[in-house]
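As structure tokens, the structure follows; a few thoughts come after it.
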Amino acid sequence: MSEQNNQAFLTKIQQMACCNKKCFSTSINHNKALKRFCKIRLMSAIEKNIFFLGILEVSVCQKAWLTIYAIGKSKWEAIQTHYSKNDINPIVHSLKECVSNHAIKFETILHILMFIRNFAIQHGLPST
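Mapping to this note's numbering: the sequence shown position 52 is 884, numbers consecutive.
Here is the structure:
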């Protein structure tokens, strides 16, 4: 989004009247609102629908919400923590970039294949 569009958005939310609580001027952090606005504009239609579905439904108690969305309390708390720290960025598993403990190095695989091939040649096994 261009700097001009960013300024237009900030001006709009600073001047807009919403309700008697004056949420735009008292409750909303304008920089966070701008970041969220930009991120939401980058989402696909499906991602937006899923995101808004979680927000715009009928108000229910937490127990009902957790039951409906099949989520446990600890998972919900983890999502809330992530959301408060990282806004609406997706959660990335902490071990995503790590190599598995069960991974075998390519060099080791080559040694294993050479061993099997040599064993087959020495013992007259068919090679296919």
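Beta carbons: idealized from backbone N, C-alpha and C, even for Gly.
Item: Tell me the residue span of the alpha helix (DSSP H) that contains Leu-874.; Value: 862-874
Item: If we call anything under 9 Å between Cβ atoms a contact, is His-914 one with Ile-903?; Value: no
Item: Do Ile-920 and Arg-873 have their C-beta atoms closer together than 9 Å?; Value: no
Item: Hey, how far is the Cα of Leu-866 from the Cα of Leu-945?; Value: 56 Å
Item: With a floor of 4 residues, list each alpha helix (DSSP H) that falls wholly inside the stretch 835-860, ordered by position along the chain.; Value: 835-847, 855-858
Item: Can you give me the start and stop residues for the alpha helix (DSSP H) that Lys-917 sits inside?; Value: 905-918
Item: Consult DSSP for Ala-935 and reduce its assignment to one of helix, strand or coil.; Value: coil
Item: Which of the three DSSP states, helix, strand or coil, is assigned to Gly-886?; Value: helix
Item: Could you give the DSSP three-state label for Lys-895: helix, strand or coil?; Value: helix
Item: Taking the alpha-carbon positions, what's the Ile-941 to Gln-836 distance?; Value: 56 Å
Item: So, Ser-857 versus Gln-839, is the Cβ gap smaller than 9 Å?; Value: no
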